[in-house]
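Colleague: Residue numbers (my numbering): -2 to 261.
Glycine is no exception: its CB is placed at the ideal position from the N, C-alpha and C atoms.
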Amino acid sequence: MARRRLIAANWKMNLTAPEGTSLTEALFSVAEIRRDVDVVLCPSFPSLHAVGALLRNSLVQLGAQDVFWGEKGAFTGQVSAAMLTDAGCTHCIVGHSERRGRFGASSLAPELLPYFADTDGTVGLKLRRLLFANIHPILCVGETLEEREAGRTEDVVRLQLEGALSGVDAAETFGLAVAYEPVWAIGTGSVCDAGEANRVCGFIRSRLAERLSPEAADQIRVLYGGSVNSKNAAPLFRESDIDGALVGAGSLKAAEFGRIVLAA
Ligand code: 13P
-2 MARRRLIAAN
8 WKMNLTAPEG
18 TSLTEALFSV
28 AEIRRDVDVV
38 LCPSFPSLHA
48 VGALLRNSLV
58 QLGAQDVFWG
68 EKGAFTGQVS
78 AAMLTDAGCT
88 HCIVGHSERR
98 GRFGASSLAP
108 ELLPYFADTD
118 GTVGLKLRRL
128 LFANIHPILC
138 VGETLEEREA
148 GRTEDVVRLQ
158 LEGALSGVDA
168 AETFGLAVAY
178 EPVWAIGTGS
188 VCDAGEANRV
198 CGFIRSRLAE
208 RLSPEAADQI
218 RVLYGGSVNS
228 KNAAPLFRES
238 DIDGALVGAG
248 SLKAAEFGRI
258 VLAA
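(1) Please find out if some non-hydrogen atom of ligand 1 comes closer than 7 Å to the beta-carbon of residue 244.
(2) Using DSSP with H/G/I as helix, E/B as strand and the rest coil, what is residue 87?
(3) Just confirm the distance between the C-beta atoms of residue 0 and residue 155, as a whole number of angstroms; I'd bet it's less than 8 Å.
(4) For residue 121, which option in 23, 212, 65 has the closest C-alpha, if you only look at C-alpha atoms?
(5) By Cβ distance, which residues of its chain are closer than 6 Å to residue 221, with the 5 residues on each side in sequence left out?
(6) According to DSSP, simplified to helix, strand and coil, what is residue 153?
(7) List the DSSP bridge partners of residue 244.
(8) Got a sec? Which residues, its chain only, sit under 8 Å from residue 145 by beta carbon, not counting five neighbours each side?
(9) Residues in the same chain with beta-carbon distance under 8 Å from residue 259, minus the five sequence neighbours each way, listed in chain order, please.
(10) Can you name, in chain order, every residue of its own chain whose Cβ lies under 7 Å from the Cβ of residue 163, other than the five neighbours on each side?
(11) Going by DSSP, what residue range makes up the alpha helix (DSSP H) through residue 111?
(12) May I ask you to verify whether the region 100 to 108 touches the region 44 to 51, counting CB pairs closer than 8 Å and requiring at least 3?
(13) Can you tell me whether residue 129 is buried or exposed? The criterion is at least 16 other CB atoms within 10 Å of its CB, across all chains shown.
(14) By a C-beta neighbour count over all protein chains shown, 10 Å radius and 16 as the cutoff for buried, is residue 33 buried or exposed?
(15) Output the boundary residues of the alpha helix (DSSP H) element that contains residue 199.
(16) Cβ of residue 244 within 8 Å of Cβ of residue 5?
(17) Using only alpha-carbon positions, find the residue among 250, 246, 249, 226 that is nearest to residue 261.
(18) Looking at the secondary structure, which residues open and close the beta strand (DSSP E) in which residue 217 lies?
(19) Could you give the DSSP three-state label for residue 136: helix, strand or coil?
(20) Count the C-beta pairs between the region 247 to 255 and the region 200 to 220 that are closer than 8 Å, then say yes if the count reaches three, no if not.
(21) Could you check where the alpha helix (DSSP H) with residue 127 kicks off and where it finishes?
(22) For the 8 Å Cβ check, are there 3 or more pairs between the region 108 to 119 and the region 69 to 84?
(23) How would you write the range of the alpha helix (DSSP H) that residue 258 sits in, first residue to last?
(24) State the Cα-Cα distance for the pair residue 231 and residue 69, rounded to the nearest angstrom.
(25) Which same chain residues, not among the five before or five after residue 55, have their C-beta less than 8 Å away from its C-beta?
Right, here's the structure in full:
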């Protein structure tokens, strides 16, 4: 099945609202050229409304970087799915390694890492909340360098998928995307070799087929993320099981992100 390409920009904790809106305006022309590609911008929470207002009636879609699983109430500092919908979000990243306290490159002291406390269990709760709210989740999975060197890549990815998808039916997964983001490749400049990224993305698809259904696995887009830039994007996009990218640093400059979208 030919799956539509999806290129998502994870701005992380970068760009104020004015900076985000000027970057967004600069991307409209490339989205116009590549109408065959889904482009999703994921700003920080305070910029969602400003960027969302610009994107209304445009070809580019809006995503958030996280969500809380509760509906509403006394959860200081959390953001609900209804708030994301209100801002215009159609997508939301969930289970990013940085929210799980697993960093590819980090200047944080090890004792501070547990602050970023997502687990496979909380990721599952968040994912179900997003599906319930009709927001398309971009579920992130991926192994650390230590796990890869111990030959545990498949085990780690399998457990992350099972945790996130527990209690989810195939019929609910329309619009789900999974991003394979090896932690060691994030923010390090060490992109995963295209063939190896494709192998793990293929493994993810085979797990989705077993866990959900072959039909669901065939339509779910599997993305690669980790040091994607305009130079390494094309070989990744030529691989059969890579349906697009989740881009961090490479999405912060219009020209660079534009070239990545054009390569899709
Ligand atoms: P970089 O592209 O900066 O390596 O980040 C990837 C990422 O974490 C996207 O979610």
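Modeller: Put simply:
(1) yes
(2) Strand, per DSSP.
(3) Incorrect: roughly 22 Å between the Cβ atoms, too far for contact.
(4) 65
(5) 177, 194, 233, 239, 242
(6) helix
(7) 6
(8) 179, 181
(9) 27, 30, 31
(10) 121
(11) Element bounds for residue 111: n/a, residue is neither H nor E.
(12) Taking 8 Å as the limit for Cβ pairs, the verdict is that the region 44 to 51 does not touch the region 100 to 108.
(13) exposed
(14) exposed
(15) Its alpha helix (DSSP H) spans residues 191 to 208.
(16) Annotated as proximal: residue 244 and residue 5, with beta-carbon spacing under 8 Å.
(17) 226
(18) No beta strand (DSSP E) holds residue 217; DSSP gives it neither H nor E.
(19) strand
(20) no
(21) 117 to 129
(22) no
(23) 251 to 260
(24) 42 Å
(25) Within the same chain, 25, 28 come within 8 Å of residue 55 by CB-CB distance, once the 5 residues on both sides are set aside.
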